[in-house]
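Chemist: Submitted below is the structure of interest, expressed as structure tokens.
Number of protein chains: 2
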Amino acid sequence: MERLVKADRACAVAAAAAHDLNDELTVILSSVTSSILALEPGHPARPLLLDIRNAAQRCAWKTCGLLNYSARRGVQPVAATLESLLDG
Amino acid sequence: MERLVKADRACAVAAAAAHDLNDELTVILSSVTSSILALEPGHPARPLLLDIRNAAQRCAWKTCGLLNYSARRGVQPVAATLESLLDG
Numbered sequence: 103m104e105r106l107v108k109a110d111r112a113c114a115v116a117a118a119a120a121h122d123l124n125d126e127l128t129v130i131l132s133s134v135t136s137s138i139l140a141l142e143p144g145h146p147a148r149p150l151l152l153d154i155r156n157a158a159q160r161c162a163w164k165t166c167g168l169l170n171y172s173a174r175r176g177v178q179p180v181a182a183t184l185e186s187l188l189d190g
Numbered sequence: 103m104e105r106l107v108k109a110d111r112a113c114a115v116a117a118a119a120a121h122d123l124n125d126e127l128t129v130i131l132s133s134v135t136s137s138i139l140a141l142e143p144g145h146p147a148r149p150l151l152l153d154i155r156n157a158a159q160r161c162a163w164k165t166c167g168l169l170n171y172s173a174r175r176g177v178q179p180v181a182a183t184l185e186s187l188l189d190g
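Quick look at the structure:
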């Protein structure tokens, strides 16, 4: 029984982490899109920014998969910080 | 027992996702650092790139926490793709 409680907590940790990561990825994707628009055509940083955008989009896809997985397991949301769950 | 197997799988999914995210975050952090160096001083995209770097660092910290949590639960690594675990 104790192991089940721990397992459910692990799923809650994964879901909380996925939500937090999603928020940060929104910042990254929004900022990188604005950065690309702010660069002059042919600027040497442009390919790097495209790499960032592609990597952030892959992150968002994986985070979405993690969220969907948690949702399928029927995790019930509770008010908690990621830090409190990781320390628990 | 079946629920325990599913719980262990959930932890494996979280660990696999954290590893994959870590790889992508390495790309983002490396590219954003190079981009900042490639920009002229006072370029309007600079504050946006600093936002990206800060958000990616927060992501890396959270992902690291997720990895440490999985490790504390004693998840044993097995060869698998994230996609196969999410579909399972």
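Residue numbers (our numbering), protein chains in the order written: chain A, 103 to 190; chain B, 103 to 190. Beta carbons: idealized from backbone N, C-alpha and C, even for Gly. These figures come from a predicted structure and were not determined experimentally.
1. Quick one: Cα of A/A120 to Cα of A/T165, how far?
2. Are there 16 or more other CB atoms within 10 angstroms of the CB of A/A118, so buried, or fewer, so exposed?
3. Can you tell which of A/E185, A/E142, A/L168 has the C-alpha that lies nearest to the C-alpha of A/N124?
4. Any beta-carbon of chain A closer than 9 Å to the one on B/A120?
5. Nearest by alpha-carbon distance to A/T129: which of A/I154, A/S172, A/G144 is it?
6. Enumerate in chain order the residues of its own chain whose CB-to-CB distance from A/C161 is below 6 Å, with the five nearest sequence positions on each side excluded.
7. So with Cβ pairs under 9 Å, would you call A/G167 a contact of chain B?
8. Can you have a look at B/A173 and say buried or exposed, based on whether 16 or more other CB atoms are within 10 angstroms of its CB?
9. Using a Cβ-Cβ cut-off of less than 7 Å, list which residues of the region 134-150 of chain B approach chain A; keep chain order.
10. Please name the residue, chosen from A/A182, A/C113, A/P143, A/S132, that lies closest to A/N156 on a Cα-to-Cα basis.
11. Consider the Cβ of B/A116: report whether some Cβ of chain A lies at a distance smaller than 9 Å.
12. Could you tell me the distance, in whole angstroms, from the CA atom of B/Q159 to the CA atom of B/S136?
13. Mapping the DSSP letters down to three states, classify A/L141 as helix, strand or coil.
14. Flag A/A173 as yes if its beta-carbon sits less than 9 Å from any beta-carbon of chain B, otherwise no.
Modeler: Concretely, from the data shown:
1. 5 Å
2. buried
3. A/L168
4. So yes, B/A120 belongs to the interface.
5. Going by the sequence as given, residue 129 of chain A is Val instead of Thr. Comparing Cα positions, the closest option is A/I154.
6. L127
7. yes
8. B/A173 counts as exposed, since fewer than 16 other C-beta atoms from the protein chains shown sit within 10 angstroms of its C-beta.
9. V134, S136, S137, A140, L141, P146, A147, L150
10. Ranking the options by Cα distance to A/N156, first place goes to A/S132.
11. yes
12. 15 Å
13. coil
14. Using beta-carbon distances, A/A173 does not count as an interface residue toward chain B, since no partner is under 9 Å.
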